[in-house]
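So the mapping is simple: my numbering equals the position in the first sequence, first residue as 1, plus 14.
A short write-up of the structure that comes next.
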Amino acid sequence: MSCETLPGFRACYPENGTRRSYIFEHWRTAAESFNFQEYDAPVLEPLELYIEKSGEEIVGQLFHFEDRGGRSVALRPEMTPSLARLVGAKANSLKRPIKWFNIGEHYRYERPQKGRLRAFYQFNADILGEAGALADAELIALLVQTLESFGLGAGDFKVRLSDRDLWLLLLAAEGMDAENSATVLGIIDKMERNSREKTLELLAGVLGDSAEAFMETVASVVAIRGFAELEQYFKALPLEGALLETAKSRLADWRVLLDALEHSGAASFVEIDLGIVRGLAYYTGFVFEAFEATGEGRALAGGGRYDDLVGKLCGQSMPAVGFAMGDVTLGDLLEKKSLLEVAEPTPDFVLVIGGPAERAQALKDAASLRAAGYCVEYPLKEVAFGKQFKDANQRGARFAIIYGSEELESGISKVRDLEAGKETDYPRADLVELAESLFGEGLQ
RNA sequence: GUGGCUGUAGCUCAGUUGGUUAGAGCACCGGAUUGUGAUUCCGGGGGUCGCGGGUUCGAGUCCCGUUAGCCACCCCA
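Below, the structure is given as structure tokens:
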């Protein structure tokens, strides 16, 4: 029997548990302030759920096995398919817009490395049933507020905003069909990581001799950072008829989105960057990723619109937009910025117990203080007084209440303020009331 | 799936050209201290030197394999 944790998994000792709760609380608080409702779904799902969405090649990156009933099952690698299933099943009875969030563990069978493990927590937030750009804006605003709530500022992170629809327009203007467009989007997605030569080689596979000229076009589009510039670029494209109308309405969507972001205060974190495409084919419109401001590291969060996915999985068509934020990259960044120095919880009261005879009263008082919500600690065996005080101090307790023969005989509660090093005797009375005044006005 | 670097106590690390019984600090437990605090002093438990094999009279040390961690590829929902 080995005591080691499986590769890519983390054991959660109490000090890590405190940090984990800290992150989860911020996620939950942010989501609830936007009136998102919490949902959950099974950790184990039918393998087909993921194959249908992403194809057979995904299987190698899943924890999957056959259960005793002969079903092929997999631990969830992401939340979106489960969400689509849940929403699709009740599509007609859910009030829209559907604004849901989840915090849960996900599993991917990959080689662990910096910012990536085999088991990790994700914060997922999605809006379903609303196709307008204001929904996208709401999610980006939530993403920004969530990161800000940890104390991260404009110098720490940025959200890179892009649009697959604009890319498809551009490619259509180049005369490219749907299949080639998908391939080329995949190449653009990897452009940042690949060398110029590699990209050119990949593009030549689709475009032949015009690859080099096309790459220049892409480079100039990816360099665009301002909306005026973006608008100008697309207005200048040689589009006609339906494509021209699509371009006009898409630029109008952009204005709605950017306007909303401006007013909600998220705009200063958002940067137009068409270099973001996102690997998955199911994204249909605006896509975005949050990164550390320096550009280092993996994405802190990623998301976008997926208007066709619910329909594809459930036959019930439903526009949707969402994002996911992982705890690993975020935790690394918070650690680096010293924003994860979360204090361990400490007891409000430590009861110092003189001996077996005094323990009865101490246990009774502990029960009422605990019922009132105070954190109370006392020794679980008979220990010398001096040691008990030393221990109370080491545990960071706020107050000690002394249960000795003298106190019980004279009917007093002796309370010691461990921070101030002062003691006061109180007439024995309702301890909960006394506790309120101790935390209100301090030791009298 | 591929490659590079690293594995000595719970943690951070010493450990001589290969040479007796592998050490320190921190942490933990106990004592000095039978009614009052972070200091101090004393003591204690903890190690298959990642694992397996090889070279050698002798391996923590050298060689090979393997495993885990980190890092970079692949991939990234």
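Just so you know, even glycine gets a beta-carbon here, dropped at the ideal spot from N, CA and C.
In this structure, does DSSP put G31 in helix, strand or coil? The answer is helix: DSSP assigns G31 an H, G or I state.
Are the CB atoms of L383 and L411 within a distance shorter than 7 Å? This sequence places Ala at residue 411; Leu is not what is there. No Cβ-Cβ contact shorter than 7 Å links A411 with L383.
Starting from the Cα of C328, find the closest Cα among A414, E62 and E254 and give me that residue. Measuring C-alpha to C-alpha distances from C328 to each of A414, E62 and E254 identifies E62 as the nearest.
Throw me the rounded Cβ distance for the R132 and G22 pair, which I believe falls under 8 Å. Confirmed, Cβ separation roughly 3 Å.
Sequence-distant residues of its chain with Cβ nearer than 7 Å to I416 (five each side left out): Closer than 7 Å at the Cβ level, and outside the excluded window around I416, lie V366, K428 and R430.
With a CB to CB cut of under 6 Å and the five nearest residues on each side skipped, what residues in its chain are close to M15? Summary for M15: the model assigns pLDDT 49, below 50, so the residue's position carries little reliability, and this model does not support an answer.
Going straight from the alpha carbon of A434 to that of A414, what length do you get? Distance from the CA of A434 to the CA of A414, rounded to the nearest whole angstrom, comes to 12 Å.
Tell me which residues share the same chain as L288 and place their Cβ nearer than 6 Å to its Cβ, disregarding the 5 neighbours each side in the sequence. Cβ contact annotation for L288 (same chain, cutoff 6 Å, sequence separation greater than five): S176, V235 and V236, in chain order.
Between L142 and the rest of its own chain, which residues show a CB-CB distance below 6 Å, the 5 nearest in sequence each way excluded? Correct list, in chain order: V101, I112, M332 and A334.
Can you check which of these residues, A295, T160 and A151, is closest to L182 by C-alpha distance? Ranking A295, T160 and A151 by CA distance to the CA of L182 puts A295 first.
Taking Cβ positions, are W41 and I154 nearer each other than 7 Å? No, the Cβ-Cβ distance between W41 and I154 is not below 7 Å.
State the Cα-Cα distance for the pair G293 and A227, rounded to the nearest angstrom. If you take the alpha carbons of G293 and A227, they lie about 24 Å apart.
Buried or exposed (CB count within 10 angstroms, at least 16 for buried), Q408: Exposed, since its Cβ has fewer than 16 Cβ neighbours within 10 Å.
Could you check the C-alpha separation between E119 and R130 for me, to the nearest Å? Each residue's alpha carbon lies about 13 Å from the other.
At what residue ranges does the region 376 to 457 contain a whole run of the alpha helix (DSSP H), taking only runs of 4 or more? Runs of the alpha helix (DSSP H) inside the region 376 to 457: 399 to 408, 419 to 424 and 445 to 455.
Nearest-angstrom Cα separation, counted from F115 out to G137: Looking at the sequence provided, one finds Phe at residue 137 rather than Gly. A direct Cα-to-Cα measurement between F137 and F115 gives close to 7 Å.
Give the C-beta separation of G318 and F300 to the nearest angstrom, bearing in mind that I take them to be a contact with Cβ-Cβ under 8 Å. Your pair G318 and F300 checks out as a contact, with CB atoms roughly 6 Å apart and the cut at 8 Å.
For L76 and K67, what's the separation of their Cα atoms in angstroms? Distance between the alpha carbons of L76 and K67 is about 13 Å.
Contacts around A380, its chain only, beta-carbon distance under 7 Å, and the 5 residues preceding and following it disregarded: Scanning its chain for C-beta atoms nearer than 7 Å, with the 5 sequence neighbours on each side dropped, one finds around A380 the residues L365, V390 and Y392, in chain order.
Buried versus exposed call for Y27 [16 or more other C-beta atoms within 10 Å across all chains shown]: Per the 10 Å Cβ criterion, exposed.
So is the beta-carbon of V366 under 6 Å away from any non-hydrogen atom of the ligand MN? For the structure depicted, the ligand MN is absent and the ligand set is empty, with no information on it obtainable.
Examine the Cβ distances between the region 212 to 231 and the region 154 to 168 and report whether three or more of them are shorter than 8 Å. As far as the Cβ criterion goes, the region 212 to 231 does not touch the region 154 to 168, which means the pair count is below three.
Mind checking who V284 pairs with in its DSSP beta bridge? Its beta-bridge partners are V173.
Taking the alpha helix (DSSP H) that L344 falls in, what are its first and last residues? Segment D341 to K350, the alpha helix (DSSP H) holding L344.
Taking DSSP as the reference, what is the three-state secondary structure of K113? K113: strand per DSSP, three-state reduction.
Residue environment, P91, which counts as buried when at least 16 other CB atoms sit within 10 Å: By the neighbour-count rule (16 or more Cβ atoms within 10 Å), P91 is buried.
7 Å CB neighbourhood of L265 in its chain, flanking five on each side removed: Excluding five sequence positions before and after L265, the CB atoms of its chain that fall closer than 7 Å to its own CB belong to E245 and F248, given in chain order.
Using the Cα positions of S263 and D273, report the straight-line distance between them to the nearest angstrom. When the Cα atoms are used, S263 and D273 turn out to be separated by approximately 15 Å.
How about G336 and D140: do their beta carbons lie closer than 7 Å? A contact, by the Cβ cut-off of 7 Å.
What is the residue span of the beta strand (DSSP E) that E80 lies within? Segment H78 to E80, the beta strand (DSSP E) holding E80.
Those residues which DSSP pairs with Q136 across a bridge: Its beta-bridge partners are G118 and G340.
Is the beta carbon of D362 closer than 7 Å to that of Y388? At a Cβ-Cβ threshold of 7 Å, Y388 and D362 count as neighbours.
How would you write the range of the beta strand (DSSP E) that R319 sits in, first residue to last? Following the DSSP letters along the chain, one finds R319 inside the beta strand (DSSP E) bounded by residues A315 to R319.
Is it true that the CB of A187 sits closer than 7 Å to the CB of L97? No, these two residues do not count as a Cβ contact at 7 Å.
What is the DSSP secondary structure of S278, reduced to helix, strand or coil? Under the three-state reduction of DSSP, S278 is assigned to coil, being neither helix nor strand.
Can you give me the Cβ contacts of V291 inside the same chain, cut-off strictly under 6 Å, excluding the 5 residues immediately before and after it? Contacts found: L199, I202 and D203.
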